[in-house]
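See below for the structure under consideration.
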Amino acid sequence: AKIDNGYEIQVPLFINEGDTVRIDTRTGAYADRVSKA
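Following this note's numbering, the numbering of the sequence shown begins with 75 at its first residue and continues without gaps.
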């Protein structure tokens, strides 16, 4: 997946375009999907 700043990360297959995800800034890796509630 490519995020807004152009950085590319690996995300699970259940992540869809437009989903909000949390990134671990220490490693740059996907952490989890954020609820839009």
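All C-beta atoms in this analysis are idealised placements derived from N, C-alpha and C, irrespective of residue type, glycine included.
- Contact check for T94 and V108: beta-carbon distance about 4 Å, within the 8 Å limit, so the pair qualifies.
- Sorting K110, D106, G102 by C-alpha distance to the C-alpha of G80 places G102 at the top.
- Apart from sequence neighbours up to five positions away, the residues of its chain that approach A105 with a beta-carbon distance below 8 Å are V95, R96, I97, D98, ordered along the chain.
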